[in-house]
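All remarks here apply to the structure that follows.
Quick look at the structure:
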């Protein structure tokens, strides 16, 4: 049967499941839905293609039926949330059905006794935050930056949320998942695997199968509901920024900040290029600037004590206090709007998590800007604030995000370019892949994998681990329909 | 059962190469001019789902200005088309992606795309809430300008794709100087039986009524009310009556640049001949057209919107609202007075000057006010209404007005008046909510 006829036939059958207004094979719709944040986008990406069909289910039952139908036709199916992933977690590599989960967006239950919230996968983090805030509550990590990240997407792609210095990865906050498996069966993980149980605890009922789906990028099933931990809202907050003229000392201070577990978020800006526009008051020899955010929910005096402890740590390593305004700008930028900036035109984030900031393999410092970047991405971040903005800008900036673990920092390199220059975009994306791959080759653990960084990650997996993941995928998804190509698994 | 694995023989990334994309260069001249702008869209989705830090000062725990991302915030679906359709291709960020696909040659202009672009009501909220400016220290994406260029591209390169309603709108405006194809001779009939005078040289103001106020029976009432306010104030003014032509503001927004230029030339010539120095408009679309699109070098008149003039007359004491209008009212900002021209306070000040009026705001007001759905010609073509009944912008807006607790929904645009009056009926809110033009409520208090 010609492919167009197959697509039409599948679309008609999908319409029987969700109704005719919730499924389309319109070309424009299929291109428009590609509007995620990733630079992995045709034509500069050699990985991604538009879907053939977009569908918006409203219930787990509908998702289950869609997945079952996809198995009949062996058509790929890619679940997508807010599509805010910087390296294409939720975009098709082979066409097929894009499952737009954003209409499954209810907050199902807020259990203030167990301090667990249950939401549908398409619920925006922003909606969740806001609804909880009305009750004086918050999720741990506040989800990804920007307004459009969905909870299911954050879990499925292994997102580091805002405030992750204190709360860790999104997946660390998950207590249970409802998942539609690749053959269409629906399961609950954790305590709710017990059909008589109505509360969510993760590490019970045998193996932690919740973790199987966290970071799986939709390759092992469609997450339809998520149970997350919630916390009381902090009543007092303080922010401060420190400037260090010695990179190594600055990082040691960061490590001690992490040890205290006082800071809810620590973003370290690296290099004058990056620091200057955020903190004009920073001394010119500043190599690393470390803003911190402190909060406390029970006693304001504790907050002041925490601040004194952090000040002492900074002083011990020669840090200079820059005041709260410098920190404010950084947090305002990163939390409120850094996400839109990330993908300006077609840029790229390259991220890696490191046991230290030195490569495990060669012991060399990572945070040097590669020479190849300097040639094409010559302008420092500062220029963007001095001219007409970043519209025609080619540049980069680099930051570290401190994780909850004192030996672990997330390194992020942002690259920007004028999106109309497709040749440069293609070149930049290749460079980004090369840098990402080389980081993996040097022993770093990549996160925010997406399709963009999957190759570098997979080629460094041990043979046994690769075999295990492939076996898992093959067993669960015999037709290889769930986000095929993810983790470079082909069968 | 399909035997062959479906996905092994369909789309492959190599089908979408940079080399292929470059072959499409130059096919869309109007869009190419704005390429840098829509490629600048970072696809963050703020235009679709805007987040507003709300309840400043009400947050019990700490100052939300300090940590605004932590406090409770209002989240709205910004784009009226997205609210109706819930598809990305009807939201601004999706449309920017479609434009990229167009200029890279992956898709072609089609009648469905033409309908899509005229479904956009040109309300401009996307541009107002675009985060590109905050994130990149530059300007927001000029989405409304891009959408206009897209319409222009269709008209210039493939007018056969235009929806019939758009063709009729433009043809009628060309032939009859109004979108409904009504007789030119009838244009001034709305003023029959009133004391509203014809403009004569030396009058201070030309009262430019526009197509809606001239021909639509509901909008005619507003036109008469505004004329009565001017008569009450004793200012020297007049109308052109049957000699009035379409201002072309909406035609410009619809992308028909040639027709707009014809109308602009005609109007500027007429105004010059009559010695017109100041024009006061009833329609914000006319105001926007005269103010922003008529060529500055040839324009020999000033333009003022009617709320601006009314509040000026009240402040000077030339209009004295004395009779109480005991009602709780809410004001729906016209997109073309508000977002396009930043006139937010003047109409509210008119209402505040009326004794007995209790002005309450809808949740969405001023910069993030929700559109009635009449822009880009939709007040006449109604293309936006084809899509969805319940969440039509006008029906959505009157529900918001009802939720504000107001019994009168005040507007300052004849297009809003037409659409929202209709929506009140469709929503079954007659007797609960009345839609009135600002001139009507002011006239009643004089």
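Chains as they are written, first to last, in our numbering: chain E, 423 to 913; chain D, 7 to 452. We put the beta carbon where it would ideally sit given N, CA and C, even for glycine. Note that the structure is a prediction, hence the values are computed from the model and not measured.
Original post:
Thinking C-alpha only, which one of 261(D), 274(D), 450(D), 42(D) is nearest residue 160(D)?
Top reply: 261(D)
Original post:
In chain D, what lies closer than 7 Å to residue 456(E) by C-beta?
Top reply: 103
Original post:
Grouping DSSP H, G and I as helix and E and B as strand, with all else coil, what is residue 378(D)?
Top reply: coil
Original post:
Is residue 368(D) helix, strand or coil when you go by DSSP?
Top reply: coil
Original post:
Which whole-angstrom value is the C-beta distance of residue 506(E) and residue 46(D), which I expect to be below 8 Å?
Top reply: Wrong, their Cβ atoms sit about 18 Å apart, outside the cutoff.
**OP:** Measure the alpha-carbon distance for residue 513(E) versus residue 456(E) and round it to whole angstroms.
**Re:** 7 Å
Original post:
DSSP on residue 870(E), reduced to helix/strand/coil?
Top reply: coil
Original post:
Which residues share a DSSP beta bridge with residue 714(E)?
Top reply: 662(E), 688(E)
Original post:
Which full runs of the alpha helix (DSSP H) of 4+ residues lie inside the segment 95 to 139 of chain D, going along the chain?
Top reply: 98 to 109, 117 to 125, 131 to 135
Original post:
Going by beta carbon distance, what residues of the same chain come within less than 8 Å of residue 661(E), once the five residues before and after it are set aside?
Top reply: 713, 714, 715, 716, 746, 749, 750, 753
**OP:** Could you tell me the distance, in whole angstroms, from the CA atom of residue 464(E) to the CA atom of residue 687(E)?
**Re:** 35 Å
Original post:
Which residue's Cα is closest to the Cα of residue 726(E): 672(E), 711(E), 658(E)?
Top reply: 658(E)
**OP:** Compute every distance between the C-beta of residue 467(E) and the non-hydrogen atoms of the ligand FAD, then say whether any falls below 7 Å.
**Re:** Questions concerning the ligand FAD fall outside what the structure shown contains, since it holds no ligand whatsoever.
Original post:
Does any CB atom of chain E fall closer than 8 Å to the CB of residue 433(D)?
Top reply: no
Subject >> Minimum C-alpha distance to residue 572(E) - residue among 632(E), 646(E), 613(E), 531(E) >> reply: 646(E)
Subject >> Coil, strand or helix - residue 156(D) by DSSP >> reply: helix
**OP:** State the start and end residues of the unbroken beta strand (DSSP E) segment that holds residue 652(E).
**Re:** 644 to 654
**OP:** Give every residue of the same chain whose Cβ lies closer than 7 Å to the Cβ of residue 371(D), excluding the five residues on either side of it in the sequence, and list them in chain order.
**Re:** 339
Subject >> At least 3 beta-carbon pairs within less than 8 Å: the segment 284 to 300 of chain D vs the segment 410 to 427 of chain D >> reply: yes
Original post:
Got a sec: is the Cβ-Cβ distance from residue 24(D) to anything in chain E below 8 Å?
Top reply: yes
Subject >> Residues of the segment 427 to 453 of chain E with Cβ closer than 8 Å to any Cβ of chain D, in chain order >> reply: 428, 446, 448, 449, 450, 451, 453
**OP:** Please list, in chain order, all residues of the same chain as residue 344(D) whose beta carbon is under 8 Å from its beta carbon, the five residues on each side excluded.
**Re:** 350, 372, 373, 375
Subject >> Interface residues of chain E facing residue 34(D) [CB-CB closer than 8 Å] >> reply: Those do not exist, as residue 34(D) stays about 13 Å from chain E at its closest Cβ, beyond 8 Å.
Original post:
Quick one, are the C-beta atoms of residue 258(D) and residue 216(D) less than 8 Å apart?
Top reply: no
**OP:** Compare the C-beta of residue 156(D) against all C-beta atoms of chain E and say whether one is closer than 8 Å.
**Re:** no
Original post:
Are the beta-carbon atoms of residue 524(E) and residue 475(E) separated by less than 8 Å?
Top reply: no
**OP:** Check whether the Cβ of residue 94(D) lies closer than 8 Å to any Cβ atom in chain E.
**Re:** yes
**OP:** Ignore the nearest five residues each way along the sequence and tell me which others in residue 442(E)'s own chain have a CB closer than 6 Å to its CB.
**Re:** none
Subject >> Positions along the segment 464 to 485 of chain E whose CB lies within less than 9 Å of some CB in chain C >> reply: Considering every chain present, this structure includes no chain C. Its protein chains are E and D.
Original post:
Near residue 212(D), what residues of its chain come up, given a Cβ to Cβ distance below 8 Å and the 5 sequence neighbours on each side ignored?
Top reply: 205, 243, 244, 245, 246, 277, 280, 282, 284, 285, 286, 307
Original post:
Going along chain E, which residues have a C-beta under 8 Å from residue 113(D)?
Top reply: 449, 450, 453
Original post:
Is any beta-carbon of chain E found at less than 8 Å from that of residue 17(D)?
Top reply: yes
Original post:
What are the boundary residues of the beta strand (DSSP E) that residue 502(E) is part of?
Top reply: 499 to 502
**OP:** Could you tell me whether the segment 124 to 137 of chain D touches the segment 380 to 393 of chain D, where touching means 3 or more Cβ pairs closer than 8 Å?
**Re:** yes
Original post:
In whole angstroms, what is the alpha-carbon distance linking residue 667(E) and residue 674(E)?
Top reply: 13 Å
Original post:
Can you give the Cα-Cα distance for residue 433(E) and residue 231(D), rounded to whole angstroms?
Top reply: 54 Å
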